[in-house]
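Below is one structure, written out as structure tokens; comments come after it.
2 protein chains.
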Amino acid sequence: MNNTHSIIGYYSTPFGELWNKSLDDLILEAFEGVLKVTALEKEDIDAVFLGNMLGGVVDDLLLLSAHVAELTGLHIPIYRIEAACASGGLAFQSADEYLASHPESTVLVLGAEKMTDVGAREITQALAAAASADEQSVGLTFPGVYGLLAQIYLHKYGYTEEHLASISVKNHAHGVLNEKAHFRRYVTIDNVLESPYVAYPLKVLDSSPISDGAAALILTNKNTLVKTHASAMILASEIATDTISIAKRKNLNSLEATRIAAEKAFDTAHVERKDVQLMEVHDCFSIAEILALEDLGFWKKGQGGARAREMSTSRDSGSSLIVNTSGGLKAAGHPVGGTGIKQIGELYLQLTGQAGERQVKTASVGLAHNVGGSGGVAVVSILGV
Amino acid sequence: MNNTHSIIGYYSTPFGELWNKSLDDLILEAFEGVLKVTALEKEDIDAVFLGNMLGGVVDDLLLLSAHVAELTGLHIPIYRIEAACASGGLAFQSADEYLASHPESTVLVLGAEKMTDVGAREITQALAAAASADEQSVGLTFPGVYGLLAQIYLHKYGYTEEHLASISVKNHAHGVLNEKAHFRRYVTIDNVLESPYVAYPLKVLDSSPISDGAAALILTNKNTLVKTHASAMILASEIATDTISIAKRKNLNSLEATRIAAEKAFDTAHVERKDVQLMEVHDCFSIAEILALEDLGFWKKGQGGARAREMSTSRDSGSSLIVNTSGGLKAAGHPVGGTGIKQIGELYLQLTGQAGERQVKTASVGLAHNVGGSGGVAVVSILGV
Numbered sequence: 084m085n086n087t088h089s090i091i092g093y094y095s096t097p098f099g100e101l102w103n104k105s106l107d108d109l110i111l112e113a114f115e116g117v118l119k120v121t122a123l124e125k126e127d128i129d130a131v132f133l134g135n136m137l138g139g140v141v142d143d144l145l146l147l148s149a150h151v152a153e154l155t156g157l158h159i160p161i162y163r164i165e166a167a168c169a170s171g172g173l174a175f176q177s178a179d180e181y182l183a184s185h186p187e188s189t190v191l192v193l194g195a196e197k198m199t200d201v202g203a204r205e206i207t208q209a210l211a212a213a214a215s216a217d218e219q220s221v222g223l224t225f226p227g228v229y230g231l232l233a234q235i236y237l238h239k240y241g242y243t244e245e246h247l248a249s250i251s252v253k254n255h256a257h258g259v260l261n262e263k264a265h266f267r268r269y270v271t272i273d274n275v276l277e278s279p280y281v282a283y284p285l286k287v288l289d290s291s292p293i294s295d296g297a298a299a300l301i302l303t304n305k306n307t308l309v310k311t312h313a314s315a316m317i318l319a320s321e322i323a324t325d326t327i328s329i330a331k332r333k334n335l336n337s338l339e340a341t342r343i344a345a346e347k348a349f350d351t352a353h354v355e356r357k358d359v360q361l362m363e364v365h366d367c368f369s370i371a372e373i374l375a376l377e378d379l380g381f382w383k384k385g386q387g388g389a390r391a392r393e394m395s396t397s398r399d400s401g402s403s404l405i406v407n408t409s410g411g412l413k414a415a416g417h418p419v420g421g422t423g424i425k426q427i428g429e430l431y432l433q434l435t436g437q438a439g440e441r442q443v444k445t446a447s448v449g450l451a452h453n454v455g456g457s458g459g460v461a462v463v464s465i466l467g468v
Numbered sequence: 084m085n086n087t088h089s090i091i092g093y094y095s096t097p098f099g100e101l102w103n104k105s106l107d108d109l110i111l112e113a114f115e116g117v118l119k120v121t122a123l124e125k126e127d128i129d130a131v132f133l134g135n136m137l138g139g140v141v142d143d144l145l146l147l148s149a150h151v152a153e154l155t156g157l158h159i160p161i162y163r164i165e166a167a168c169a170s171g172g173l174a175f176q177s178a179d180e181y182l183a184s185h186p187e188s189t190v191l192v193l194g195a196e197k198m199t200d201v202g203a204r205e206i207t208q209a210l211a212a213a214a215s216a217d218e219q220s221v222g223l224t225f226p227g228v229y230g231l232l233a234q235i236y237l238h239k240y241g242y243t244e245e246h247l248a249s250i251s252v253k254n255h256a257h258g259v260l261n262e263k264a265h266f267r268r269y270v271t272i273d274n275v276l277e278s279p280y281v282a283y284p285l286k287v288l289d290s291s292p293i294s295d296g297a298a299a300l301i302l303t304n305k306n307t308l309v310k311t312h313a314s315a316m317i318l319a320s321e322i323a324t325d326t327i328s329i330a331k332r333k334n335l336n337s338l339e340a341t342r343i344a345a346e347k348a349f350d351t352a353h354v355e356r357k358d359v360q361l362m363e364v365h366d367c368f369s370i371a372e373i374l375a376l377e378d379l380g381f382w383k384k385g386q387g388g389a390r391a392r393e394m395s396t397s398r399d400s401g402s403s404l405i406v407n408t409s410g411g412l413k414a415a416g417h418p419v420g421g422t423g424i425k426q427i428g429e430l431y432l433q434l435t436g437q438a439g440e441r442q443v444k445t446a447s448v449g450l451a452h453n454v455g456g457s458g459g460v461a462v463v464s465i466l467g468v
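Going line by line, the protein sequences match chains A and B.
Under my numbering, read the first sequence as residues 84 to 468, first letter to last.
Under my numbering, read the second sequence as residues 84 to 468, first letter to last.
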């Protein structure tokens with residue numbers, strides 16, 4: 084029995100405003116795409132894990148497992164996982180758990196979201212369902228939640244909006260190289276600072292967009308498949324949870340779920356922070372990437388603003404740790420159920436030397452960090468080659 | 084390592100129109116209730132699986148994992164599973180999978196639904212999200228889907244509405260004995276036949292109600308806990324899937340997902356149909372129980388109408404197989420995420436001699452059958468003592 088779980092293939096649709104694609108179109112494209120790149124047949128798949136947040140909310144589509152069954156003609160176990168913006172990461176984590184008790188198995192993990200069929204106000208309200216009822220009732224949408232986190236952070240550690248803006252500048256520069264990205268253009272600090280406020284101190288260009296898209300991975304513990312495919316090992320995938328209400332948290336300059344999931348993941352993976360050369364972190368807003376690097380244990384608490392301003396995790400920095408080579412949620416786009424899968428997929432491509440023009444130099448360990456809501460759920464996964 | 088997974092406790096809120104309870108109230112009552120009956124502390128729980136269909140749809144509540152985290156103060160893995168009306172059954176199946184790779188672990192499985200905060204039209208539309216977009220768009224709600232299945236069945240095998248009505252008469256009689264049931268009153272064949280049509284040939288009294296409620300189970304593979312609690316073994320829990328659209332099915336006098344899940348479950352459990360003395364099946368409409376008994380392999384195809392009319396699975400029949408001692412979805416109520424957990428819970432109470440005034444004579448093997456939508460997902464679980 085092979086106790087190693089490996090990723091042997093990845094496919095993503097473009098992320099963006101895909102007016103001519105339905106949720107089912109996106110699911111089918113990702114499903115067929117990942118089978119094609121791995122040269123597998125659908126009959127090779129033992130189970131499917133589907134991450135999706137807004138089925139039933141922005142449209143009238145629930146029981147998405149049966150959508151997958153219909154689109155593929157399969158009758159196998161199919162699970163729809165919902166954990167808000169961590170739905171994709173949690174689908175991956177669940178698939179990894181599945182392999183632990185199913186030797187000689189192959190699982191397809193898919194994340195998909197169709198967000199642009201409704202207007203800005205409606206999608207903002209839909210996303211706010213991942214906040215507590217009390218906080219929703221006073222109008223605290225997600226830009227508002229992260230705006231509060233940003234205000235606290237800037238005030239406590241004496242940083243400015245420029246420090247936040249650096250995150251977007253870096254991630255947009257990375258996204259230019261990603262052919263599937265929602266946005267492929269450079270932005271400057273001034274562009275960010277001059278963009279309209281969404282929720283003080285966060286502006287449009289501090290914020291990830293509303294995107295459509297789907298992404299899929301094939302995971303296996305079959306030696307025969309690992310040998311015949313470019314593969315990355317899953318060293319760990321861990322979830323932690325926290326209160327739905329930010330008012331119930333002990334402090335607001337840290338996401339406790341990220342901290343706990345990271346500790347568990349590093350324990351499981353038997354690697355150190357210094358071994359990680361590549362990360363995809365959950366930059367739904369610029370402040371979120373700064374908090375992530377601190378909470379994951381890479382930057383000391385309060386140092387993040389300065390490190391961000393130095394562009395210390397840019398691919399051009401010469402640093403030993405590069406963050407969000409995909410462009411992050413900010414530039415690659417954020418089809419919420421798809422994001423967690425895209426993060427893992429980006430690591431897989433980079434670690435196996437398949438990242439094309441955005442390929443970084445040798446990297447052997449990567450970490451993905453996916454957050455639901457304001458940190459009610461966090462999933463941290465570590466891959467290695 | 085103990086490879087046996089056991090249920091060691093069950094708690095359910097009342098099912099019904101619980102105007103004074105929110106979704107969070109129901110979740111908390113079930114969570115605390117099952118800890119109390121098992122004399123466990125929340126710190127004894129390693130993971131939570133929560134079945135819920137309509138979070139985000141009839142209210143603005145997603146990321147329910149973080150609701151559980153907030154209500155309990157836990158940071159452990161919590162998974163929200165959505166598979167329409169099979170959400171509870173699939174949460175149970177997922178928890179059973181989890182135990183397979185987590186020795187010495189204890190898991191809390193919870194199903195909850197709050198349905199009565201919106202009107203009849205809105206809840207009917209919300210439930211229709213478990214039908215295909217095409218079928219929804221022509222107005223095919225779930226009473227309509229099951230009405231079609233009933234018409235085909237009656238026509239093909241020469242049965243009448245009286246045959247269907249017998250299912251409701253039996254399940255209402257069983258429900259009278261269930262102190263948690265939504266309805267505790269007898270109905271007669273004439274009552275059913277005289278009730279208003281919902282979707283020909285199904286009438287109000289052929290249909291399960293819209294209910295609020297929550298139920299929870301504790302599952303463990305720890306010998307120490309099994310020894311100190313009344314326990315039932317999980318012999319199998321299997322899921323199968325099928326098309327979301329009924330128009331894409333090969334035939335409509337059978338639910339293929341039920342057939343496949345049942346075959347897998349009997350293979351895994353190493354028991355025969357004749358060994359099963361007790362079942363909880365998914366009688367969302369009277370026709371569904373007839374199809375279930377046939378598709379699960381207990382009645383020959385086409386004989387179900389006659390067997391139903393004979394009341395052959397009534398607790399008073401002296402039969403070796405009694406079905407829906409809880410009252411089924413019809414009388415016990417159908418808070419959709421809660422139903423799959425209540426089914427398993429009823430079997431657990433009966434198999435361990437804790438069913439009070441509705442206790443049946445000795446039963447050692449029970450089967451639960453939970454369906455999502457019109458059979459897009461089916462979960463079949465077998466318990467034994």
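By construction, the Cβ of each residue, glycine as well, lies at the ideal position given by its N, Cα and C atoms.
Only a predicted model underlies this, so the values are computations on that prediction, with no experimental measurement involved.
What are the boundary residues of the alpha helix (DSSP H) that residue i is part of?
i        : result
Ile465/B : Where Ile465/B is concerned, there is no enclosing alpha helix (DSSP H), although the beta strand (DSSP E) it sits in stretches over 460-467.
Ala216/A : 216-220
Glu180/B : 170-183
Glu196/B : Taken as a continuous stretch (DSSP letters only), Glu196/B belongs to no alpha helix (DSSP H), being part of the beta strand (DSSP E) at 189-196.
Val151/A : 147-155
Measuring alpha carbon to alpha carbon, tell me which residue in the options is nearest residue i.
i        : options                                : result
Tyr229/A : Leu247/A, Gly116/A, Glu277/A           : Leu247/A
His265/B : Val448/B, Ile91/B, Thr96/B             : Thr96/B
His417/A : Ile128/A, Leu210/A, Lys125/A, Glu124/A : Leu210/A
Ser170/B : Ala213/B, Gln442/B, Leu432/B, Gly423/B : Gly423/B
Ser290/B : Ala214/B, Val354/B, Thr207/B           : Thr207/B
Thr408/B : Thr341/B, Val419/B, His238/B, Gly439/B : Gly439/B
Val131/B : Ala299/B, Arg441/B, Leu338/B, Ile322/B : Ala299/B
Ala195/B : Ala315/B, Ala371/B, Leu109/B, His88/B  : Leu109/B
Met394/A : Lys333/A, Ala446/A, Ser251/A, Ala415/A : Ser251/A
Phe175/B : Asn306/B, Leu193/B, Cys168/B           : Leu193/B
Pro226/B : Val117/B, Tyr283/B, Ser278/B           : Tyr283/B
Ser320/A : Lys104/A, Leu412/A, Thr351/A, Ser447/A : Thr351/A
Gly387/A : Tyr240/A, Glu115/A, Ile465/A           : Tyr240/A
Gly385/B : Leu237/B, Gln219/B, Lys333/B, Gly92/B  : Leu237/B
Glu346/B : Phe381/B, Ala371/B, Ala330/B           : Phe381/B
How would you list, in chain order, the residues of chain A whose beta-carbon sits under 7 Å from the beta-carbon of residue i?
i        : result
Ser328/B : Glu153
Ile343/B : His158
Ala167/B : Leu145, Leu146
Ile128/B : Neighbours of Ile128/B on chain A: none; closest Cβ ~12 Å, over 7 Å.
Leu161/B : Here residue 161/B turns out to be Ile, not Leu, going by the sequence shown. Going along chain A in sequence order, the residues near Ile161/B (Cβ under 7 Å) are Thr324.
Val460/B : Leu146, Ser148, Ala149
Quick one: which chain B residues come within Cβ less than 8 Å of residue i?
i        : result
Tyr229/A : Chain B residues near Tyr229/A: none, gap ~15 Å exceeds 8 Å.
Arg204/A : The contacting residues do not exist; Arg204/A stays about 13 Å from chain B at best.
Gly455/A : Leu146, Ser148, Ala149
In chain B, which residues lie less than 7 Å from residue i when you measure between Cβ atoms?
i        : result
Tyr470/A : With chain A covering only 84 through 468, there is no way to say anything about residue 470/A.
Met136/A : Leu145
Gln219/A : Asp143
For residue i, return the contacting residues in chain B, with the cut-off set at a CB-CB distance below 9 Å.
i        : result
Gly421/A : The contacting residues do not exist; Gly421/A stays about 16 Å from chain B at best.
Anything in chain A within Cβ reach of residue i, meaning under 8 Å, just list it in chain order.
i        : result
Val140/B : Gly139, Val140, Leu145
So residue i is in the beta strand (DSSP E); what residue range does that whole segment cover?
i        : result
Asn453/B : 448-455
Leu132/B : The question names Leu, but residue 132/B is Phe in the sequence shown. Phe132/B -> beta strand (DSSP E) spans 130-134.
Thr303/B : 296-303
Thr207/B : Where Thr207/B is concerned, there is no enclosing beta strand (DSSP E), although the alpha helix (DSSP H) it sits in stretches over 203-210.
Determine the chain A residues that contact residue i at a beta-carbon separation under 9 Å, and present them in chain order.
i        : result
Tyr305/B : In the sequence as presented, Tyr is not what sits at residue 305/B; that position holds Lys. Chain A residues near Lys305/B: none, gap ~17 Å exceeds 9 Å.
Within the chosen definition, does the stretch 346-366 of chain B reach the stretch 181-196 of chain A through at least 3 CB pairs nearer than 8 Å?
-> Not touching, per the Cβ criterion.
Given 8 Å as the limit, is there contact between the stretch 370-380 of chain A and the stretch 449-456 of chain A, that is, 3 or more CB pairs closer than that?
-> Three or more beta-carbon pairs separated by less than 8 Å link the stretch 370-380 of chain A to the stretch 449-456 of chain A, which places the two stretches in contact.
Mind the definition here: the stretch 122-139 of chain A touches the stretch 147-162 of chain A only if three or more C-beta pairs lie below 8 Å; say whether that holds.
-> Touching, yes, given that three or more Cβ pairs across the two stretches are closer than 8 Å.
At a cut of 8 Å, does the stretch 297-312 of chain B reach the stretch 424-443 of chain B through at least three beta carbon pairs?
-> Cβ pair count under 8 Å is three or more, so yes.
Using 8 Å as the Cβ pair cut-off and three pairs as the minimum, do the stretch 211-230 of chain B and the stretch 141-154 of chain B touch?
-> Here the stretch 211-230 of chain B does not lie against the stretch 141-154 of chain B, with fewer than 3 beta-carbon pairs under 8 Å apart.
Listed from N- to C-terminal order along the chain, which residues in the stretch 398-418 of chain A have their beta-carbon within a distance smaller than 8 Å of any beta-carbon of chain B?
-> Residues: none.
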